Amino acid sequence: MCGIVAACFKNGDVVPTLVEGLRCLEYRGYDSAGLAVLAPGLPVRKAKGRVEDLAQLIEQNPLPDSSVGIAHTRWATHGEPSQVNSHPHRAGSVVLVHNGILENFESLKESFVEEGREFVSQTDSEVWAALLDHEIGLVRKDGPLDPMGVMRALNRSMARARGSYGLAILVEELPGLVFFARNESPLVLGLSPDGNYVASDVQAVLARTHDFIYLLEGQCGWIDAESFHVFDRDLGEVQPEVEHLDWDAESVGKSGYEHFMLKEIEEQGIVLAQTLSSTTSSKDRILPDFRVSDDTLRSFDRIVIVACGTALHAGRLGRYILEEATGIPVDVDFASEFRYRNPLLGERDLVLAISQSGETADTLGAVKVAREKGATAVAICNVRGSSLCRLVADTILTQCGPEIGVASTKAFTAQVLAIHLLAMRVGMARRQMGEEELLRRLQLLRSSRTAIETLLSHQVRSHIAEVAKKYAHKSVYFFLGRGADYPIALEGALKLKEISYLHAEGYPAGEMKHGPLALVSEDMVVVALAGEGPVYDKVLGNMQEVKTRGAKLVVLTNTDKREAIELADDVVLIPRTDPLVAPLLHVIPLQYLAYYVALERGCEIDKPRNLAKSVTVE
Ligand code: G6P
């Protein structure tokens, strides 16, 4: 959840680059930030609040020039957000930044306190620093400390530490080096002619390099300005692959938008086109590089989708898409529930994990359980080289580019599209779908870009902004949908609660009578998805139920039938399309609605309170 960036330069001061890196990582955590450089006394600056507060502090109280440093932006787990709990943490000659949770920190801390060590913070991370300093102390008894000595100490510390960690470390007597280690928390090395980097993700240093090494579980090592050394759990040196990433450095900027969220909503047309072109061949072969064979795809009796947050909603919609196209029953579960409920699984199950980041702890945990039980696991993911991609038999990579706004938008569209592609591929393999139908679907998906661009037009956006203004003071929102629009209702409610802090719930409209209707009052806004189709009349009935109880009714519809329009206080018209792609369109006005309600309420849109983009701890 926290963000780490560290660098060793050949020349020049590292501090401005580290601050810039922290700004790019701020979506991972933003309650405090800190930075340390390799200079006599290992000077540290830390501030409660945003990276901007740290930048100001450093301006007022500059750090000595140094070409080596480590930095951190925090999302508090152990210990409230405060200056003292911010990273870097120091113990003896070690200063480190940590992303993750040291689960056995209490027992370790107790033993260190008994030895006479003092702790100043409430964090588990300070105990990590103490642990490493303690082990380095033991190594020093064998002679002067060298980098391999730190590796031995780190290795012993890793054996004693339980939990997840990405670490970047400075050791005072070893100039020019940053040490690192990872376990269940992401960490990459960035390589450039000017120097090398350690970071939680590529965004942090994308303006500096496009060449990365994605570290694996249990690896540790060090960088200097010219080289890197990576070791496995047995301290054998490994030669990791360097991957070139063609993401545009501009994509981690706002490109003139006020917020990342707005920029990312408006990228959805391009994302659709990019994901489609990268996953189909010129001869309309679907997922030509997918490594799971057609024979294997034919062998499954069930598909189980696991994910969290928005990705889970993509999965809930995916159930309709996959069942219809493949004839295989689909279950969908919260990754956090699935992993602990001892699921009944075997080799005839295909487990599909969906995740934008590929680092969500619960989704990774669910995939591990699936694999242990003999199921085949595949993924839909936006980050090549992420932990999830490394765990599964193969990944369908969405082509979103970096998504920075904490509230996920464009990733949802790309995930749904990827599910369509998987559904077509499995449908074809099982002869559930013919060539003609495949081409029809592909054509529909391609042409849906036009409808998406219509929804992203200034006209639609400003209309939704007006609606948002009208209702931003209301305190409760219900989102109602049926069939494939039900997951869209869930996603609309999630978007609103994430960034505007209003109470919002998504319901299958037919459930209203079984409880939620009791909550409907004049203080409520009901957003109903009333698309044309077999349940249109049913949704109309549900709309009447809430309207007669005084709720304000905002209707999203693609039909010009009078009844829905007459019942509504406000209407958002959606371009009419095939039901197959309609949900992809319906989500866009709901993303805008959440955005404009939050804007109207003065909320901090890209960094909502208490949330983080990448939830790498349970
Ligand atoms: C966090 C984010 C959500 C995201 C969820 C799953 O809660 O704030 O926007 O949907 O994690 O993330 P993933 O990276 O696995 O898609």
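Numbering (the numbering used here), first residue to last: 11 to 628.
Each residue gets a CB set at the ideal place from its N, CA and C atoms; glycine is no exception.
Model, not experiment: these values are computed from the prediction.
With distance defined between alpha-carbon atoms, name the residue in the options nearest to residue i.
i: residue 336; options: 396, 434, 270; result: 434
i: residue 517; options: 531, 307, 492; result: 492
i: residue 230; options: 473, 162, 327, 311; result: 162
i: residue 401; options: 387, 84, 414; result: 387
i: residue 503; options: 488, 215, 480; result: 488
i: residue 141; options: 165, 442, 466, 228; result: 165
i: residue 257; options: 284, 279, 45; result: 284
i: residue 241; options: 191, 75, 273, 213; result: 191
i: residue 79; options: 70, 408, 49; result: 49
i: residue 635; options: 593, 53, 623; result: The requested residue 635 is not part of the displayed model; the chain covers only 11 to 628.
i: residue 372; options: 383, 398, 385, 360; result: 398
i: residue 58; options: 404, 415, 51, 94; result: 94
i: residue 485; options: 81, 264, 354, 510; result: 510
i: residue 227; options: 234, 187, 177; result: 177
i: residue 38; options: 108, 381, 92, 376; result: 108
i: residue 26; options: 42, 47, 278; result: 47
i: residue 374; options: 356, 383, 345; result: 345
i: residue 431; options: 450, 414, 415, 416; result: 450
i: residue 154; options: 127, 184, 43, 334; result: 184
i: residue 251; options: 23, 222, 479, 311; result: 222
i: residue 574; options: 551, 626, 478; result: 551
Report the partner residues of residue i according to the DSSP bridge assignment.
i: residue 341; result: 314
i: residue 190; result: 178, 231
i: residue 58; result: 42
i: residue 562; result: 535
i: residue 81; result: 15, 45
i: residue 299; result: DSSP output for residue 299 lists no bridge partner at all.
i: residue 407; result: 391
i: residue 567; result: 583
i: residue 100; result: 105
Could you tell me the distance, in whole angstroms, from the CA atom of residue i to the CA atom of residue j?
i: residue 498; j: residue 565; result: 14 Å
i: residue 110; j: residue 562; result: 44 Å
i: residue 287; j: residue 259; result: 21 Å
i: residue 316; j: residue 90; result: 31 Å
i: residue 363; j: residue 189; result: 32 Å
i: residue 641; j: residue 100; result: Nothing about residue 641 can be read from this structure; the chain reaches only from 11 to 628.
i: residue 167; j: residue 429; result: 42 Å
i: residue 172; j: residue 225; result: 19 Å
i: residue 342; j: residue 348; result: 9 Å
i: residue 437; j: residue 452; result: 13 Å
i: residue 340; j: residue 332; result: 7 Å
i: residue 394; j: residue 556; result: 45 Å
i: residue 84; j: residue 418; result: 20 Å
i: residue 606; j: residue 272; result: 10 Å
i: residue 134; j: residue 14; result: 16 Å
i: residue 35; j: residue 270; result: 13 Å
i: residue 106; j: residue 212; result: 20 Å
i: residue 199; j: residue 97; result: 20 Å
i: residue 370; j: residue 351; result: 18 Å
i: residue 427; j: residue 544; result: 23 Å
i: residue 281; j: residue 588; result: 20 Å
i: residue 385; j: residue 182; result: 48 Å
i: residue 139; j: residue 581; result: 57 Å
i: residue 439; j: residue 322; result: 25 Å
i: residue 608; j: residue 501; result: 16 Å
With 16 as the cutoff for other CB atoms within 10 Å, does residue i come out buried or exposed?
i: residue 568; result: buried
i: residue 148; result: exposed
i: residue 254; result: exposed
i: residue 169; result: exposed
i: residue 174; result: buried
i: residue 528; result: exposed
i: residue 524; result: exposed
i: residue 572; result: exposed
i: residue 325; result: buried
i: residue 599; result: buried
i: residue 412; result: buried
i: residue 248; result: exposed
i: residue 392; result: buried
i: residue 132; result: exposed
i: residue 378; result: exposed
i: residue 483; result: exposed
i: residue 472; result: exposed
i: residue 353; result: buried
i: residue 467; result: exposed
i: residue 151; result: exposed
Can you confirm whether residue i, when its beta carbon is compared against all beta carbons of chain B, has any partner nearer than 8 Å?
i: residue 257; result: No chain B appears in the structure shown, which is made up of a single protein chain.
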